[in-house]
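Chains as they are written, first to last, in this note's numbering: chain A, 448 to 677; chain B, 768 to 998. Positions of the beta carbon are idealized from the N, C-alpha and C atoms, including for glycine. These numbers come from a predicted model, not from an experiment.
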């Protein structure tokens with residue numbers, strides 16, 4: 448059965464090493480912070496000027512001058528620091544963040560990412576997406592494997608406007624974990640109860656499938672609930 | 768050296784039609800809401816705003832756009848909830864938008880304030896935001912050339928000030944404010960509290976008074992309470 452959104456976030460959090468500096472995009476990526484193992488120190492970066500953002504503030508405890516990049520009123524963990532946007536994007540563009548976890552509209556087999564704009568009569572707005580995609584040491588994507596309409600999001604070539612070319616290293620979906628290896632994608636893990644055939648069917652580009660792809664270890668509570676794309 | 772003016776209306780009284788105006792803030796923190804409301808009361812036309820978001824009715828920036836005061840918005844993320852005025856005007860082709868990656872947006876402002884003629888950034892290479900921009904390969908990597916971005920006025924928000932215009936910030940109120948303070952001909956700061964000259968520790972002053980032209984004090988009771996509790 449496919450993973451829930453929390454399941455995807457849980458799986459990603461397991462791969463973040465102690466001492467990581469991580470920027471989390473909106474949607475599923477935001478959930479990753481909840482599942483950081485308690486024995487690891489991971490500092491969450493928020494592009495509006497926080498290193499060491501904590502959980503959302505309890506109702507009534509919000510500080511009117513303290514939000515994260517999603518606009519949520521948050522808290523600061525001990526050891527957090529605050530700074531302006533120029534220093535924040537020095538961290539981002541300068542390659543100082545160890546990881547970024549971003550949502551996606553499409554990812555190509557080469558790791559091209561499209562996640563900022565759906566064509567059509569809409570207001571374009573890019574925010575920090577392009578800077579983070581080119582700047583973080585490792586860019587991981589957290590997404591449903593297909594759209595709500597069942598369209599594959601892992602594709603041969605992105606048809607939506609690009610955020611950055613060849614920036615994605617790993618893709619975590621409700622069905623699988625994939626690694627970008629030069630020009631193609633390698634299937635690394637399957638969600639519990641999901642078959643290789645199912646993944647291939649819902650992916651519109653070729654995957655390299657090693658012998659005996661392992662099933663990922665996630666608590667049962669995160670498997671088995673059908674997902675809606677974010 | 769006394770930079771303090773009595774009211775927000777007085778502080779923005781000389782801004783002309785067609786001015787380029789930077790406005791600080793990201794989310795509610797750091798938006799000089801009272802200066803923006805005073806600007807709105809001026810009923811100006813053809814303004815070019817340099818602001819990271821799209822503006823909302825509450826922060827007044829959405830109101831300025833809804834009023835038809837804004838010819839062009841230079842921005843990064845005008846698509847957040849509440850940015851309905853810019854959406855409606857854009858879809859009716861009544862406002863021009865220049866959308867920049869957020870790091871490019873702030874670095875263009877920083878470059879202007881630092882007296883630089885521009886910079887090369889890897890951000891945006893190969894995307895539709897690279898159209899018309901010079902590409903240069905440096906050490907095997909592609910970069911886009913970006914120009915500095917200056918304004919006639921900057922409306923910024925800070926926490927405490929002295930009469931000379933030295934400024935401090937609290938929490939995520941910083942965002943674009945200290946950078947915009949360096950990149951406009953006239954810099955106007957809305958602050959919570961005024962302290963005597965010498966009352967701010969030199970180490971905590973993030974915007975030195977050399978950058979600031981006018982200071983308006985608009986106390987916020989809510990912040991006094993929060994700041995006391997978190998001390």
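Item to complete: Could you tell me the distance, in whole angstroms, from the CA atom of residue 571/A to the CA atom of residue 845/B?
Response: Residue mapping note: residue 571/A aligns to position 124 of the first chain, counting from 1. Residue mapping note: residue 845/B aligns to position 78 of the second chain, counting from 1. Rounded to the nearest angstrom, the two C-alpha atoms are 7 angstroms apart.
Worksheet entry | Under 9 angstroms by beta carbon: chain B residues contacting residue 616/A | For this step, residue 616/A is matched to residue 169 along the first chain. Going along chain B, no residue has its Cβ under 9 angstroms from residue 616/A, so there is no contact; the nearest lies around 17 angstroms.
Discussion item. Does the CB of residue 612/A have a neighbour CB from chain B at under 7 angstroms?
Written reply: Here residue 612/A refers to the residue found at position 165 when the first chain is read from its first residue. Taking Cβ atoms only, chain B reaches closer than 7 angstroms to residue 612/A, which makes this a yes.
Worksheet item: In this structure, what does DSSP give as the bridge partners for residue 839/B?
Response: In the second chain, counting from the first residue as 1, residue 839/B sits at position 72. Residue pairing from DSSP places residue 839/B in a beta bridge opposite 815/B, 863/B.
Discussion item. Does the structure place the segment 552-560 of chain A close enough to the segment 609-617 of chain A that three or more beta carbon pairs sit under 8 angstroms?
Written reply: The segment 609-617 of chain A, when compared against the segment 552-560 of chain A, does touch it at the 8 angstroms Cβ threshold.
Item to complete: Mind checking the segment 543-560 of chain A against chain B and listing, in chain order, the residues whose C-beta falls within less than 9 angstroms of any C-beta there?
Response: Answer in chain order: 559.
Discussion item. Less than 7 angstroms between CB atoms is the rule here; does residue 804/B satisfy it with respect to chain A?
Written reply: Counting from one through the second chain, the residue named residue 804/B turns up at place 37. Not closer than 7 angstroms to any Cβ of chain A, the Cβ of residue 804/B fails to qualify, so no.
Fill in: Length of the line joining the Cα atoms of residue 452/A and residue 621/A
The residue labelled residue 452/A in the question sits at position 5 within the first chain. The residue labelled residue 621/A in the question sits at position 174 within the first chain. Roughly 7 angstroms between the two C-alpha positions.
Worksheet item: Which residue from 886/B, 869/B, 987/B, 905/B puts its Cα closest to that of residue 913/B?
Response: Along the second chain, one-based indexing puts residue 913/B at 146. Cα-wise, what sits closest to residue 913/B is 886/B.
Worksheet item: What is the DSSP secondary structure of residue 930/B, reduced to helix, strand or coil?
Response: Counting from one through the second chain, the residue named residue 930/B turns up at place 163. Three-state DSSP puts residue 930/B in coil, outside helix and strand.
Practice prompt. Using alpha carbons as the reference points, say which of 668/A, 482/A, 495/A, 511/A lies closest to residue 579/A.
Written response: Numbered from its first residue, the first chain carries residue 579/A at position 132. Looking at the Cα atoms, 495/A is the closest of the given residues.
Worksheet item: DSSP three-state call for residue 676/A: helix, strand or coil?
Response: Against the first chain, residue 676/A aligns to sequence position 229. Residue placement at residue 676/A is flagged as unreliable, the pLDDT there being 47, under the threshold of 50; the coordinate-derived value follows with that caveat. Collapsing the DSSP output to three states places residue 676/A in coil.
Item to complete: Return the chain-ordered list of same chain residues with a C-beta closer than 7 angstroms to the C-beta of residue 918/B, the five sequence neighbours on each side being excluded.
Response: Along the second chain, read from residue 1 onward, the residue named residue 918/B stands at position 151. Apart from sequence neighbours up to five positions away, the residues of its chain that approach residue 918/B with a beta-carbon distance below 7 angstroms are 787, 788, 789, 817, 950, 951, ordered along the chain.
Worksheet entry | Pairwise C-alpha distance: residue 644/A and residue 533/A | Looking up residue 533/A in the first chain gives position 86. Looking up residue 644/A in the first chain gives position 197. Distance between the alpha carbons of residue 533/A and residue 644/A is about 47 angstroms.
Discussion item. Quick check on residue 535/A: buried or exposed, where buried means 16 or more other Cβ atoms within 10 Å of its Cβ?
Written reply: What you label residue 535/A is simply residue 88 of the first chain in a count that begins at 1. With 16 or more other Cβ atoms within 10 Å, it is buried.
Discussion item. Measuring only the C-alpha atoms, how far is residue 639/A from residue 481/A?
Written reply: Sequence index remark: in the first chain, residue 639/A carries index 192 (1-based). Sequence index remark: in the first chain, residue 481/A carries index 34 (1-based). Between residue 639/A and residue 481/A, the C-alpha separation is close to 21 angstroms.
Discussion item. In the DSSP assignment, the beta strand (DSSP E) including residue 913/B goes from what residue to what residue?
Written reply: Working through the second chain from its first residue, we reach residue 913/B at position 146. Membership of residue 913/B in the beta strand (DSSP E) is indicated by the continuous run 908-913.
Worksheet item: Taking just the CA atoms, how far does residue 793/B sit from residue 972/B?
Response: In the second chain, counting from the first residue as 1, residue 972/B sits at position 205. In the second chain, counting from the first residue as 1, residue 793/B sits at position 26. Our two residues, residue 972/B and residue 793/B, have alpha carbons roughly 21 angstroms apart in a direct line.
Practice prompt. Check whether the Cβ atoms of residue 524/A and residue 501/A sit closer than 7 angstroms, and answer yes or no.
Written response: As a working note, residue 524/A is residue 77 in the first chain. As a working note, residue 501/A is residue 54 in the first chain. Residue 501/A is positioned such that its CB atom lies closer than 7 angstroms to that of residue 524/A.
Worksheet item: Under 7 angstroms Cβ-Cβ, which residues of chain B neighbour residue 583/A?
Response: Translated into positions along the first chain, residue 583/A becomes position 136. Residues of chain B with a Cβ closer than 7 angstroms to the Cβ of residue 583/A do not exist, since the nearest Cβ in that chain sits about 12 angstroms away.
Worksheet item: What residues match up with residue 631/A in a beta bridge as DSSP calls it?
Response: As a working mapping, residue 631/A is identified with position 184 in the first chain. As a beta-bridge residue in DSSP terms, residue 631/A pairs with 628/A.
Discussion item. Taking 6 angstroms as the cut-off, is the beta-carbon of residue 555/A closer than that to any non-hydrogen atom of the ligand ADP?
Written reply: Summarising the ligand content, the structure contains no ligands, and the ligand ADP is consequently not present.
Discussion item. Below 8 angstroms on the Cβ atoms is my contact criterion, and I expect residue 941/B with residue 531/A to pass it. Report the Cβ-Cβ distance as a whole number of Å.
Written reply: On the second chain, position 174 is the one that residue 941/B refers to. On the first chain, position 84 is the one that residue 531/A refers to. Confirmed, about 4 angstroms.
Item to complete: Go through its chain and collect everything with a Cβ distance to residue 909/B's Cβ below 6 angstroms, but skip five positions before and after it.
Response: Taking the second chain and counting its residues from 1, one reaches residue 909/B at position 142. Closer than 6 angstroms at Cβ, skipping near neighbours: 892, 902.
Worksheet item: Under 7 angstroms Cβ-Cβ, which residues of chain A neighbour residue 873/B?
Response: Working through the second chain from its first residue, we reach residue 873/B at position 106. Result: 532, 533, 536.
Practice prompt. Could you list which residues in chain A have their beta carbon closer than 7 angstroms to that of residue 890/B, in chain order?
Written response: Along the second chain, one-based indexing puts residue 890/B at 123. Near residue 890/B (Cβ distances below 7 angstroms), the residues of chain A are 540, 577, 578, 581.
Fill in: Close beta carbons around residue 754/B, own chain, < 7 angstroms, minus the five adjacent residues each side
Limits of chain B in this structure are 768 at one end and 998 at the other, which puts residue 754/B out of reach.
Worksheet entry | Helix, strand or coil at residue 940/B [DSSP, three-state] | For this step, residue 940/B is matched to residue 173 along the second chain. Correct three-state label for residue 940/B: helix.
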